[in-house]
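Written out below as structure tokens is the structure these notes cover.
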Amino acid sequence: MTAQWPTGGSAPAPPPSPAAAEPLAEEELAEGFVRGEEACLAAAYHRWSGLVFTLAQRALGDAREAEDVTQVVFLAAWRGRHTFVPARGVLAGWLVGIARRKIADALSARTRRADLVTAAGARLAQTAYDTADRPEAVLDRVIVGQELARLPAPQRRVLGLAFYDDLTHTQIARLTGWPLGTVKSHARRGLRRLDHRLREADVPRTPS
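When the letters of the sequence shown are read in order and numbered with my numbering, they come out as residues 2 to 209.
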């Protein structure tokens with residue numbers, strides 16, 4: 002996932018520094034930020050993006066995800082700048098609050114992706130997967146179906162038969178005429194690719 006910078010295009014890393022040589026006082030920066038001055042956005046990014054990135058990396062353990070979260074935080078802050086009231090707190094603290102929420106969102110999305118891949122794998126292992134007790138199961142099947150469609154044909158067929166038709170490895174081998182080892186290999190590779198695809202798709206968490 003690549004965040005879009007508020008002024009158009011992908012978020013720079015980092016954006017250009019403000020033209021003024023003297024750094025702005027935090028109060029001036031915050032007031033300019035709320036007014037929508039792009040120089041103040043750039044100054045805020047240079048001043049606090051490192052802090053946001055560090056918080057995200059510690060929580061997520063992944064530099065690439067942390068970079069994405071950092072961009073998302075500043076994008077969200079820019080779009081919601083009118084909700085920030087300087088008299089009630091400092092801009093840095095407000096940004097940290099946004100960062101904590103976006104980090105929580107990223108962790109939830111990661112869990113959601115893992116749940117979907119686990120559900121697909123459970124089909125292969127003949128683990129019970131009762132859709133009647135899971136209202137979000139329909140969404141699961143739609144999302145997984147979209148990502149399955151992007152897999153190579155053999156992997157797509159094996160995972161499709163397992164996830165949608167409840168077939169075991171042995172049953173799939175009989176149906177397709179492929180050796181059992183080939184079916185298992187396609188299943189493993191397909192699940193790895195599915196996990197990667199769901200990460201790229203940034204699957205959100207379904208509300209409980």
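Glycine included, every Cβ here is placed at the ideal spot set by N, Cα and C.
Below 7 Å CB to CB, which residues in the same chain sit around residue i once its five sequence neighbours on both sides are set aside?
i: Glu-32; result: Pro-87
i: Ala-107; result: Leu-61, Glu-66 and Val-70
i: Arg-190; result: Gln-156
i: Gln-58; result: Ala-64 and Ala-67
i: Gly-161; result: Leu-149
If you follow the alpha helix (DSSP H) that residue i is in, where does it begin and where does it stop?
i: Trp-179; result: Trp-179 -> no alpha helix (DSSP H), and no H or E assigned at all.
i: Gly-81; result: Here Gly-81 belongs to no alpha helix (DSSP H), and DSSP marks it neither H nor E.
i: Phe-85; result: Premise fails: Phe-85 is in no alpha helix (DSSP H) and is neither H nor E.
i: Leu-61; result: 39-61
i: Ala-26; result: Premise fails: Ala-26 is in no alpha helix (DSSP H) and is neither H nor E.
Counting only the same chain and skipping the five closest in sequence on each side, list residues whose C-beta sits under 6 Å from that of residue i.
i: Val-53; result: Thr-71, Val-74 and Ala-100
i: Pro-155; result: His-187
i: Ala-174; result: Leu-181 and Val-184
i: Leu-168; result: Leu-162
Suppose the cutoff is 8 Å on Cβ atoms and the five residues either side in sequence are ignored; what does the same chain contact list for residue i look like?
i: Ala-150; result: Arg-157
i: Leu-30; result: Cys-41, Ala-44, Ala-45, Arg-48 and Leu-92
i: Gly-37; result: Arg-82
i: Phe-85; result: Ala-31, Phe-34, Val-35, Ala-78, Leu-92 and Trp-95
i: Lys-185; result: His-170
In whole angstroms, give me the CA-to-CA distance for residue i and residue j.
i: Glu-28; j: Gly-90; result: 10 Å
i: Gly-81; j: Gln-147; result: 32 Å
i: Gly-176; j: Val-97; result: Correcting the residue type first, residue 176 is Leu in the shown sequence and not Gly. Each residue's Cα considered, the two are about 55 Å apart.
i: His-170; j: Pro-180; result: 10 Å
i: Gly-94; j: Lys-103; result: 14 Å
i: Gly-56; j: Ala-64; result: Sequence inspection shows Leu at residue 56; the Gly mentioned does not correspond to that position. Each residue's Cα considered, the two are about 11 Å apart.
i: Arg-111; j: Ala-105; result: 10 Å
i: Asp-196; j: Leu-25; result: 45 Å
i: Gln-172; j: Leu-152; result: 21 Å
i: Leu-76; j: Arg-193; result: 31 Å
i: Gly-178; j: Val-159; result: 12 Å
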